[in-house]
Amino acid sequence: MPHQKKTYLRAFVWVDYAGDLNLRAYGHLRLPVDQYAWAPRLQLEPPDPAAPAVNGTAEPPVDALRFMGGHFLRPYAFRFELPGGMETAACFKLLELSYPGHKAPFCVPLEGTAATLDAAARGGDSADDGDAATITPVCDQLAPPGQYTDTRPALWAAIGPPRHAKSTREWSRYYSQIAVRTVHYLAYHVAMGMSGLLLYTDAVQRHYLRKQLVLQPYLRAGHLRLVEWDLPERNHPDDGRGRPLGYNYDQALFASHALLGLSGCGANLALMISDFDEYLFSFQPGTRWPAPYGGCMPATAPKPAPPHTPVAIHTLQRVELLSSRVPPALEPRVWAVVPVSVRRAFAADTGDPAAGLHPLAVYNRRGPKPMTHNRHNKPIVFPAAEVVSFFVHEGAPLHGVSALVDKDCLILLHVSNYWIARSDTGIYRRLNVTDFVEFKHWMFDSAARGAGGGISYLT
Numbered sequence: 001m002p003h004q005k006k007t008y009l010r011a012f013v014w015v016d017y018a019g020d021l022n023l024r025a026y027g028h029l030r031l032p033v034d035q036y037a038w039a040p041r042l043q044l045e046p047p048d049p050a051a052p053a054v055n056g057t058a059e060p061p062v063d064a065l066r067f068m069g070g071h072f073l074r075p076y077a078f079r080f081e082l083p084g085g086m087e088t089a090a091c092f093k094l095l096e097l098s099y100p101g102h103k104a105p106f107c108v109p110l111e112g113t114a115a116t117l118d119a120a121a122r123g124g125d126s127a128d129d130g131d132a133a134t135i136t137p138v139c140d141q142l143a144p145p146g147q148y149t150d151t152r153p154a155l156w157a158a159i160g161p162p163r164h165a166k167s168t169r170e171w172s173r174y175y176s177q178i179a180v181r182t183v184h185y186l187a188y189h190v191a192m193g194m195s196g197l198l199l200y201t202d203a204v205q206r207h208y209l210r211k212q213l214v215l216q217p218y219l220r221a222g223h224l225r226l227v228e229w230d231l232p233e234r235n236h237p238d239d240g241r242g243r244p245l246g247y248n249y250d251q252a253l254f255a256s257h258a259l260l261g262l263s264g265c266g267a268n269l270a271l272m273i274s275d276f277d278e279y280l281f282s283f284q285p286g287t288r289w290p291a292p293y294g295g296c297m298p299a300t301a302p303k304p305a306p307p308h309t310p311v312a313i314h315t316l317q318r319v320e321l322l323s324s325r326v327p328p329a330l331e332p333r334v335w336a337v338v339p340v341s342v343r344r345a346f347a348a349d350t351g352d353p354a355a356g357l358h359p360l361a362v363y364n365r366r367g368p369k370p371m372t373h374n375r376h377n378k379p380i381v382f383p384a385a386e387v388v389s390f391f392v393h394e395g396a397p398l399h400g401v402s403a404l405v406d407k408d409c410l411i412l413l414h415v416s417n418y419w420i421a422r423s424d425t426g427i428y429r430r431l432n433v434t435d436f437v438e439f440k441h442w443m444f445d446s447a448a449r450g451a452g453g454g455i456s457y458l459t
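Take the sequence shown: its position 327, counted from the start at 1, is 327 in UniProt numbering, and no numbers get skipped.
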């Protein structure tokens with residue numbers, strides 16, 4: 001909702017089209033209803049019993065949903081226009097009339113009347129500073145108006161809950177490794193001009209991550225914000241496609257939450273929906289965000305689109321990355337090692353103490369061409385375009401269009417063996433390091449230091 005004045009609320013619900021249960025039972029909700037025929041009826045109950053209930057209007061049109069075919073879990077955005085006098089209402093109840101009798105109570109934070117967002121976002125133990133609390137709207141926190149504009153927007157990454165793919169009992173140790181991977185992700189992307197990371201987390205994840213010393217400088221600086229996402233962790237041995245139901249359960253849901261939740265912000269805020277194993281990169285040495293935006297990333301769509309049509313979704317191609325210096329089985333360990341250990345290991349290997357400030361420095365081979373077009377792109381999205389339906393790789397904005405970013409402008413480096421060694425197994429068997437071309441990131445090229453090389457970790 002717009003942060004200046006609350007004039008509407010948004011809700012989103014999701015459906016997994018089961019259809020043929022032998023083929024399309026993906027394990028999310030298993031609702032045996034055609035997503036194009038299902039007609040949810042949402043109604044908002046305000047706190048005043050004399051005030052009329054507000055009916056929700058579905059925002060994504062059917063043709064937008066069909067544009068995103070191929071995936072069967074779909075969030076639907078519903079919009080509730082609030083009548084006059086309800087701008088200060090904090091709590092409501094949501095009723096789904098298709099399944100009467102079930103209400104979802106919720107409250108929305110009101111700016112200026114609650115605890116500071118900054119304290120909670122930065123991982124403080126208490127978010128309540130009493131009457132002296134000063135509230136900064138979340139849009140202004142992420143993209144301060146005096147610093148970012150529609151031609152120089154702030155860029156944040158959003159990553160879903162870092163759940164273990166197989167939901168093992170090793171979650172305490174796993175979260176320690178996630179903390180280190182988060183530090184590597186932030187150190188690199190802050191150096192690339194990104195403002196920070198919105199990391200969706202459940203209560204246990206927040207508890208463990210806030211205790212990790214390596215993360216505390218990024219929490220204090222505001223580069224890392226732990227978004228509350230207390231949906232249950234799913235632990236199904238098979239999602240209907242022979243895979244454990246792990247992270248993909250959250251993908252469409254958290255991304256839609258982020259995009260709809262920030263849709264009231266201005267065009268000075270962009271959001272990259274990605275994963276920990278994907279790193280933003282430009283082939284032009286020294287090129288950092290927001291330099292590509294408005295340059296090699298056009299802000300408006302070319303013909304045949306109408307003049308001045310904004311590009312709301314910039315889809316980035318991904319390129320596989322491998323290392324010939326580290327065996328595939330050892331690559332995941334590189335990303336779970338704290339920064340000082342990485343630095344010492346690389347310094348011993350290269351003789352250059354400055355060469356090992358980041359695990360990405362060990363990667364020296366890349367795929368000769370991007371991954372399969374469309375199926376494997378990841379986007380930079382402007383939430384202000386109101387993307388009312390989104391999955392993992394594509395979305396349907398109410399305003400503007402999607403456009404592919406030229407691979408010579410900006411891409412995502414996909415670290416193939418980031419989580420597990422897979423460059424020699426399954427579908428990754430085709431990823432033979434000898435078939436890849438030479439790669440050296442300009443950040444770790446001593447000859448290119450003058451062009452902006454090097455990464456520093458916060459301490």
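The C-beta atom is built at its ideal place from N, Cα and C for all residues, glycine as well.
(1) Under the three-state reduction of DSSP, which class applies to E170: helix, strand or coil?
(2) Buried or exposed, going by whether 16 or more other CB atoms sit within 10 Å of the CB of S195?
(3) Any C-beta of chain B sitting closer than 9 Å to the C-beta of Y188?
(4) In angstroms, rounded to a whole number, what distance separates the CA positions of residue 462 and V392?
(5) What are the start and end residues of the alpha helix (DSSP H) that includes H314?
(6) Which of the three DSSP states is assigned to H184 in this structure?
(7) Ordered along the chain, which non-local residues of its own chain (more than five positions away) have a Cβ less than 6 Å from that of D253?
(8) When the Cα atoms are used, what is the spatial distance from H207 to S256?
(9) When you compare only the Cα positions, how much space is there between Q43 and G101?
(10) Please report how far the alpha carbon of A191 lies from the alpha carbon of D424, in whole angstroms.
(11) Taking all protein chains shown into account, decide if H399 is buried (16 or more other Cβ within 10 angstroms of its Cβ) or exposed.
(12) Could you spell out the range, first to last residue, of the beta strand (DSSP E) harbouring K93?
(13) With W335 as the anchor, note down where its alpha helix (DSSP H) starts and where it stops.
(14) Run through DSSP, which three-state label would K303 get?
(15) Would you mind giving the Cβ-Cβ distance between I411 and R318, rounded to the nearest angstrom? I have them listed as a contact below 8 Å.
(16) Looking at the secondary structure, which residues open and close the beta strand (DSSP E) in which A403 lies?
(17) Going by CA-CA distance only, name the one from L142, E45 and F80 that's closest to L95.
(18) By alpha-carbon positions, which one of P60, C139 and P298 ends up nearest to L262?
(19) For S256, does the three-state DSSP call read helix, strand or coil?
(20) Taking the straight line between their C-alpha atoms, what separation do you get for Q177 and V337?
(21) Indicate the three-state DSSP secondary structure (helix, strand or coil) for P105 in the structure shown.
So, from the listed chains and residues:
(1) coil
(2) buried
(3) Given the protein chain composition of this structure (a single chain), no chain B is represented.
(4) Because the chain in this structure spans residues 1 to 459, residue 462 falls outside the shown range and cannot be described.
(5) No alpha helix (DSSP H) contains H314, which is instead part of the beta strand (DSSP E) from V311 to L316.
(6) helix
(7) The identity of residue 253 in the sequence shown is Leu, whereas the question assumes Asp. Here the set comprises nothing.
(8) 24 Å
(9) 12 Å
(10) 32 Å
(11) exposed
(12) C91 to E96
(13) E331 to W335
(14) coil
(15) 7 Å
(16) V401 to L404
(17) E45
(18) C139
(19) helix
(20) 8 Å
(21) strand
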